[in-house]
Structure formats: structure tokens, C-alpha cells
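Trainee: First the structure, then my questions, so here it is.
Numbering (my numbering), first residue to last: 162 to 614.
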């Protein structure tokens, strides 16, 4: 790569660094390391272009929540390291493609991206402004600081893919202002893609009932974490239409629900940390959300460690976290990112926000799940005596506070190990309560196992 141009007219610098996708792909070596953001920060045209080459011997790609089944991932010599599985990662894994999960939370991804120092980092960005700055738009996450580090290292490459429809989302100056100057970027490509939009999630009667239980737990003046899924969006709709207000937003993800709360006049952001701004580390939703975020002075996008760190989260006034789960056992252990030993999604910010909300003064941490799930032709309980053998626990029992199903709320925060099963059985599906009660009784009566030598 030629030496970086660091001075001059921004537009001239932009054109000096502009490359076709094919030219940018040619910068990747047969043995190389590459990192890219998750979901809405993915440089889709560049990643797709990588599939046009067939000479990779050992190419490692670190990203997560893929938005396309990129052809490069199906080539010999290429492996994917994912911080968070979505439907595409699960599909690729089922096809025998080398997909490896990084067992780390969202902050851990940033540590990995900065310490592993992948030679190439590529990211989606917004069109350049008049001063020569490229906003990272919908994603800061674990890649923002890693991208800056690569851009400032002459031995590494920073590739920016400009999306015409990427909003310019503001940051805070002390954390890099969520932007980079064109003089620091090695290579620019102009994308032929549109931003990824989350498909609308149908709301079930169970989702509605769970959301209504959660809404009742939220007081005036609470600070909210509203993530992906039907339940958080319904909670936001209920709050937007209701009489409560004076809310703050401190959320890993900025969603459609956050926009609805702002438009309803419910957000004041008098919350104790980052006052005056709704804070997130990435955004995903529909086109209306992306338009609303563009140059919105009420929203700030920050790197993940400034958003997800429990030590920061707990400083918020009455912090409320809304997280999902796949199963909860009678001790309160949460299975949220695996199905037994099989990786299903990722840890992400789950435990980080559970801890931060639980420790906030007046805060409440909620874990939401349907009381049953379908496995083939069978209906099973998601409240279980024990998690399946080999299950990695997403969030341990000692951090869990409120567990919510369509049948009610179990507040485990101050319950003993013998009291917890009764509270959880009470919110299980009635068809399974008898066998859960029998399992709990047998477990309490069983003598402790003798230690093995």
C-alpha cells in the first residue's frame, strides 16, 4: 500500500484513496487476518467481494451476526470467528463450514479485536462530511477503537466502505466522536448495498403478556436498556402510550422502540451518567429509525466499553435491563446463548446489563422468556429442574433478579436456594408445574453426593 496522504483538501484525499471493491480485495494476502463489525456495521460489498478470490491459504475473519452468507466463508483456507451467532452462522455451521465461537461478552470482543491486532479492519461508514470526517453511523461497538488503532499503524490496513444511506450518528469527543478523518483511512470503497434492516418480528400473545408484566415493573424516571426482539419493542410501545415518563436511555442497542419513546416525549435523559443523551453502541431497526438517527443531537454512539461496563451502567438512575433467555433452571441459572452445549447466539451484553441494572440504586434486571418452547413435535418447559448436561451458563444465578414469563414475575433477588424453585414454578406453564414441583422436592431431599477421590 502506498504511504498515507495526511494533508490536503478532504475531497482530494478521498479520491486519492478511493478504490473499487476488487482493488480493495486485492490488498488482502493469502495468509491474513481481518476484522469487521457485527450486523449494521458490516462492509457488505467488501466482504462479498472477498469471495471472488480463490487463493486464500489461511484467512481468519472475525465478526458476528452476519447479514449475508458470504461466499468467501465457504472457501478452503478460510475460517470465521464469530462473537455472536445469528441465523446465517448457524446455517454455515450446520453445513460443516469452520465457524468458531469466541466465548466472550461484548466488551471481551473489543479486547480481542485490540489485542489480536488483525492486520486488516474494514467497516461500514457514512458519506464524508465537508470537513473530511467519516461517521461510523450505526455501529461503534467492539470495532471503533480497533479501527482507529489499525488506521494509525503503518503495518496495518483500515478500509472504509461508504454506504450512501448510512446516517451520520454523533458521538462524544472524549471517546473519539464516533468518526475518523479521511486522512487516517488507508482505503475507501463505495458500497452498492443498502443498509441492513431488521425484519419485523410478529408479536405473540405470550410476548404481549410478558411485556405487560415488565412494564408494571418500570417506574417514572427509570433508565432503560431496550434491545432486540418482540418483548422489548412491546414494552417500549406500552411506555410510549402510557402515563409514565422522565425516562433515560442507556442501551447497548438503539432500536425502533427508543425512537418511539423519544417521539412520545417520554425521554428526558436525567439519568446520572451521560445526562442529556440517549446512549448506545450500535443501532438496528427499520428505515424510519435510521432517518431519525441522522445528525440527531439527542443520541450519542459510544464504544462498547463506555456503554456496557457494569461499573458505568450501575451509575444510572433506576436502571432497567430487559434481556431474553432460552431456559432458566430452578436455581436461577440462565441459558440464553446456547441450546445445551450447542452455540445458538452469543453472550453479548446479557450478563453485563444484568449486573449493572441489579446494582443500580432502584434498578431492576429482568430476564424474559416464554414458559414453553417447541422441540420438533414436542412442547417442553423452559423452566427446568436442571440445565442440559454440558450447557455453558450465560448468566449465573447470583446475578439474576426478576424472571418473567407470560404467567407472571419471579423476584429471585432476595430468595434462598430453597425458596427460588417455588417462585419459578409459580410462573412456569401450569401443564409442567406438577413435575417441576416433584423434581424440586426430590432435589431438596436428596443427600449431597460424596466427593470423588
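Each residue gets a CB set at the ideal place from its N, CA and C atoms; glycine is no exception.
1. Kindly give me the distance between the Cβ atoms of residue 285 and residue 204, rounded to whole angstroms, as I take these residues to be in contact under 8 Å.
2. May I have a chain-ordered list of the beta strand (DSSP E) segments no shorter than 3 residues that lie completely inside the segment 351–391?
3. Would you give the residue range spanned by the alpha helix (DSSP H) that residue 616 belongs to?
4. What is the DSSP secondary structure of residue 281, counted as helix, strand or coil?
5. What's the call for residue 172, buried or exposed, on a 16-neighbour Cβ count within 10 Å?
6. Just reading off the alpha helix (DSSP H) that residue 452 is part of, what are its end residues?
7. Consider the C-beta atom of residue 196 and the heavy atoms of the ligand FMN; say whether any pair is separated by less than 7 Å.
8. Which residues bound the alpha helix (DSSP H) around residue 622?
9. Please report how far the alpha carbon of residue 439 lies from the alpha carbon of residue 221, in whole angstroms.
10. If the criterion is Cβ atoms closer than 8 Å, does the pair residue 328 and residue 298 meet it?
11. Between which two residues does the alpha helix (DSSP H) harbouring residue 271 extend?
12. Let's see if you can read the secondary structure: which residues bound the alpha helix (DSSP H) around residue 251?
13. Would you report the Cα separation of residue 584 and residue 571, rounded to the nearest angstrom?
14. Which term fits residue 550, buried or exposed, when burial requires 16 or more other beta carbons within 10 angstroms of its beta carbon?
15. Can you name the residues that DSSP bridges to residue 504?
16. If we count the other Cβ atoms within 10 Å of its Cβ and call it buried at 16 or more, is residue 575 buried or exposed?
17. Under 8 Å, do residue 322 and residue 206 count as touching if we go by C-beta distance?
18. Would you check if there are 3 or more beta carbon pairs closer than 8 Å linking the segment 370–380 to the segment 342–357?
Mentor: In brief:
1. Contact between residue 285 and residue 204 is confirmed by a C-beta separation of about 5 Å, below the 8 Å threshold.
2. You should have 384–386.
3. Here the chain comprises residues numbered 162 to 614, so residue 616 is not present and cannot be evaluated.
4. In this structure, residue 281 counts as strand in the three-state DSSP scheme.
5. Within a 10 Å sphere around the beta-carbon of residue 172 sit fewer than 16 other beta-carbons, which makes this residue exposed.
6. Run containing residue 452: 448–454, per the alpha helix (DSSP H) assignment.
7. This structure does not include the ligand FMN; it has no bound ligands of any sort.
8. With the chain covering only 162 through 614, there is no way to say anything about residue 622.
9. The C-alpha of residue 439 lies about 35 Å from the C-alpha of residue 221.
10. In this structure, residue 298 lies closer than 8 Å to residue 328 by Cβ.
11. Per DSSP, residue 271 belongs to the alpha helix (DSSP H) from 267–276.
12. Residue 251 -> alpha helix (DSSP H) spans 248–255.
13. About 5 Å.
14. Exposed, by the Cβ-count rule.
15. Looking at the DSSP assignment, residue 504 forms a beta bridge with 499.
16. Classification for residue 575: exposed.
17. Residue 322 places its beta carbon less than 8 Å from that of residue 206.
18. As far as the Cβ criterion goes, the segment 370–380 does not touch the segment 342–357, which means the pair count is below three.
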